[in-house]
Amino acid sequence: MALSESQKFWEKQSTNYKTAFEDLDELANYLDKTERRHLLKVVKTKPNFKVLDLGCGTGRWAFEFAKTCEKVVAVDFAKGMIDRAKEEAKNRGFTNIEFGVAGVEDFRSEERFDIIIISGVLVYFEDENLNSILKNVKKHLAPNGIVISRETVGIDKRLDFRDKFNPKIGQTYSALYRTPEEYKQIFLKSGLKNIYAEDFVPTNFPMTIYRKIIPSSLKQNWALRKILQSGLLVQYFLDPILLNQKWLYRPLMNRFWKIKSMLFVYGIN
Numbered sequence: 113m114a115l116s117e118s119q120k121f122w123e124k125q126s127t128n129y130k131t132a133f134e135d136l137d138e139l140a141n142y143l144d145k146t147e148r149r150h151l152l153k154v155v156k157t158k159p160n161f162k163v164l165d166l167g168c169g170t171g172r173w174a175f176e177f178a179k180t181c182e183k184v185v186a187v188d189f190a191k192g193m194i195d196r197a198k199e200e201a202k203n204r205g206f207t208n209i210e211f212g213v214a215g216v217e218d219f220r221s222e223e224r225f226d227i228i229i230i231s232g233v234l235v236y237f238e239d240e241n242l243n244s245i246l247k248n249v250k251k252h253l254a255p256n257g258i259v260i261s262r263e264t265v266g267i268d269k270r271l272d273f274r275d276k277f278n279p280k281i282g283q284t285y286s287a288l289y290r291t292p293e294e295y296k297q298i299f300l301k302s303g304l305k306n307i308y309a310e311d312f313v314p315t316n317f318p319m320t321i322y323r324k325i326i327p328s329s330l331k332q333n334w335a336l337r338k339i340l341q342s343g344l345l346v347q348y349f350l351d352p353i354l355l356n357q358k359w360l361y362r363p364l365m366n367r368f369w370k371i372k373s374m375l376f377v378y379g380i381n
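What the sequence shown shows, in the numbering used here, is residues 113 to 381, in sequence order.
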């Protein structure tokens, strides 16, 4: 996706963006809780940590790290996203977050950060741009710091979507879903070695059934949404078990899904 096109896309999304573009609160809240639990189990913070959130969107991860870290710098190239994040930070009483309008490729700072998080950003960049982006990331990393990358990946192969219409957001988008191994090698070429890679959220059957089987005319039905809530509650407690017992869900995922969300952690090589 060209830079100007990407900026227009995210400026438009800034007015109503929710987790993973989910329009139902039940699904958005489930994904939010599940991803937070997984990430905070893997990544341990300290009170003196400084965190950089590149492509922060509306501040979801910035707020999470601001709870336990000394300082968070959160930037996004979409001013609308930053405006929403600033307003939310003010409403929630955060005073240790610095917001700025900048892209992941042109962010500059004299500070070095213990944690740099890039969530759902790299799929919108071509291969030739990633090397310079990751070199910029490494330059801002403290000696023992880590990079957290949350990306959607192609399960069997790379998938290149161009001007694909997404009914959940009501507009077209372009994205490049690389394989997990591709990401590991791209980061390694920039001097960042992979130290953790795992499915972010196990395949979620209640959410999948609701998305693919329930007709659009019934998706807002009160009774069906109550059933969805119950299913998601059960799924939330099953997720840690599934992550430890991948044989229970991976064959189904690999057969019926083309993409999935993964959590990567990298350190300086």
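Where is the CB? At the ideal position from N, CA and C, for every residue including glycine.
Based on the DSSP secondary-structure assignment, which residues constitute the bridge partners of residue i?
i: Ser373; result: Thr264
i: Ala254; result: Paired residue(s): none; Ala254 is not in a bridge.
i: Phe273; result: Ala287
i: Phe211; result: Ala186
i: Tyr378; result: Val259, Asn306
i: Ser231; result: Arg262
i: Leu164; result: Val185, Ile228
i: Asp311; result: Met374
On the CB-based measure, 16 or more other CB atoms within 10 Å of its CB, does residue i come out buried or exposed?
i: Glu263; result: buried
i: Lys372; result: buried
i: Arg196; result: buried
i: Glu147; result: buried
i: Glu240; result: exposed
i: Arg172; result: buried
i: Thr170; result: buried
i: Ile325; result: exposed
i: Ile321; result: exposed
i: Lys162; result: buried
i: Phe312; result: buried
i: Leu143; result: buried
i: Phe368; result: exposed
i: Ala201; result: buried
i: Ala190; result: buried
i: Ala335; result: exposed
Assuming the contact rule is C-beta atoms closer than 8 Å, residue i and residue j should be a hit. Round their C-beta distance to whole Å, please.
i: Leu304; j: Gly379; result: 7 Å
i: Glu310; j: Leu375; result: 6 Å
i: Val235; j: Leu166; result: The Cβ separation is near 14 Å, so there is no contact.
i: Arg323; j: Glu138; result: Their Cβ separation, rounded to whole angstroms, is 12 Å, which puts Arg323 and Glu138 out of contact at 8 Å.
i: Ile298; j: Val155; result: 21 Å between Cβ atoms; not a contact.
i: Ile258; j: Val377; result: 6 Å
i: Leu67; j: Lys331; result: Not covered by the structure: residue 67. The range shown for the chain is 113 to 381.
i: Lys250; j: Ser328; result: Not quite, the Cβ-Cβ distance comes to about 45 Å (not below 8 Å), so this is no contact.
i: Leu246; j: Lys370; result: Not confirmed; about 25 Å, so no contact.
i: Glu176; j: Asn160; result: Contact doesn't hold; Cβ gap of about 17 Å is too wide.
Go through its chain and collect everything with a Cβ distance to residue i's Cβ below 8 Å, but skip five positions before and after it.
i: His252; result: Leu164, Phe219, Ser221, Glu223, Arg224, Phe225, Ile228
i: Phe273; result: Tyr285, Ser286, Ala287, Leu288, Tyr289
i: Pro318; result: Leu340, Gly343, Leu344, Val346, Gln347
i: Asn381; result: Leu300, Gly303, Leu304, Lys305
i: Glu238; result: Leu288
i: Ala254; result: Lys162, Arg224, Phe225, Asp226
i: Lys296; result: Asn306, Ala309, Phe376
Apart from the five residues just before and just after residue i, which ones in its own chain have a Cβ nearer than 7 Å to its Cβ?
i: Leu242; result: Leu234, Ile298
i: Ile307; result: Val377, Tyr378, Gly379
i: Lys414; result: Because the chain spans 113 through 381 in this model, residue 414 falls outside it and cannot be assessed.
i: Pro363; result: none
i: Ser244; result: Glu217
Got a sec? Which residues, its chain only, sit under 6 Å from residue i by beta carbon, not counting five neighbours each side?
i: Gln341; result: Glu138
i: Thr180; result: Thr157
i: Ala178; result: Val184, Phe206, Asn208, Ile209
i: Gln357; result: none
Inset, instruction - Tell me, please, whether the region 348-358 touches the region 223-234 by the rule of three or more beta-carbon pairs shorter than 8 Å. - result: no
Inset, instruction - For the region 259-269 and the region 200-214, state whether three or more C-beta atom pairs, one from each stretch, are separated by less than 8 Å. - result: no
Legend entry - At least 3 beta-carbon pairs within less than 8 Å: the region 212-219 vs the region 179-193: yes
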